[in-house]
DNA sequence: TAGGCCATCTGGTCCT
DNA sequence: AGGACCAGATGGCCTA
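So, in structure tokens, the structure goes:
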């Protein structure tokens with residue numbers, strides 16, 4: 114287990130960024146355009162507005178009722194495929210979001226009131242992997258400052274503060290930003306689980 | 001009110 | 001032909 118000493122973050126992690134408030138799932142809303150398309154078959158117009166087709170010599174040929182039914186069936190099929198494709202796409206995105214939620218659980222940033230955005234989750238995960246690989250590669254114990262620094266590279270100040278909070282580096286209010294050890298804890302990185310943990314110092 | 005983030009729809013492209 | 005993947009467009013929600 115590598116011991117990490119408590120240090121503070123630089124004042125560059127000032128907040129004036131968008132908040133990390135939890136994002137409520139957006140209810141699937143009715144799509145008037147889609148309804149319209151489903152009811153009227155917007156795409157039909159191209160096919161059906163021509164009651165007749167142009168034959169040789171420019172004269173109009175009447176389309177037989179059977180052909181019209183065929184066309185309608187084809188359009189119904191197209192619409193159905195579109196609806197099914199939308200459902201698949203929704204499921205695909207839900208799967209992606211589920212994977213992102215799993216990722217949120219293993220990156221060192223936990224908050225009950227807010228949720229990391231997708232982009233911040235990916236950035237933090239990348240930094241976390243990088244930080245851990247550096248530790249494994251060098252076998253050196255990093256101090257918490259450089260560790261948190263690496264984790265927060267490219268992250269927004271609010272997310273950086275969340276990470277700092279998660280690692281029990283408490284943020285002191287006021288300007289400039291001062292981070293200080295909040296309690297008597299030592300931090301360790303479990304080389305088996307690659308997770309950062311804390312240990313009370315007696 | 002602007003900006004960030006999100007879910008969803010959609011059409012295009014690639015692959016099987 | 002049909003599914004997966006992708007990126008652009010759109011509109012809603014929320015916060016500073």
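In my numbering, the protein residues as written are 114 to 315.
All C-beta atoms in this analysis are idealised placements derived from N, C-alpha and C, irrespective of residue type, glycine included.
Can you name, in chain order, every residue of its own chain whose Cβ lies under 7 angstroms from the Cβ of residue i, other than the five neighbours on each side?
i	result
residue 264	221, 237, 240, 241, 244, 276
residue 259	none
From residue i to residue j, what does the alpha carbon distance come to, in whole angstroms?
i	j	result
residue 226	residue 185	52 angstroms
residue 199	residue 205	10 angstroms
residue 216	residue 183	49 angstroms
residue 224	residue 194	41 angstroms
residue 211	residue 197	21 angstroms
residue 190	residue 218	42 angstroms
residue 230	residue 201	23 angstroms
Using 8 angstroms for Cβ pairs, my map puts residue i next to residue j. What's the rounded Cβ distance?
i	j	result
residue 234	residue 268	That belief does not hold up - the Cβ atoms of residue 234 and residue 268 are roughly 10 angstroms apart, past 8 angstroms.
residue 261	residue 280	6 angstroms
Looking at the unbroken alpha helix (DSSP H) that takes in residue i, where does it start and where does it end?
i	result
residue 247	231-251
residue 271	270-279
residue 224	Segment: none, residue 224 is in no alpha helix (DSSP H) and carries neither H nor E.
residue 263	257-264
Please name the residue in the options whose C-alpha comes closest to that of residue i.
i	options	result
residue 274	208, 228, 254	228
Once you ignore the five residues that flank residue i on each side, which residues in its own chain have a CB closer than 6 angstroms to its CB?
i	result
residue 266	240
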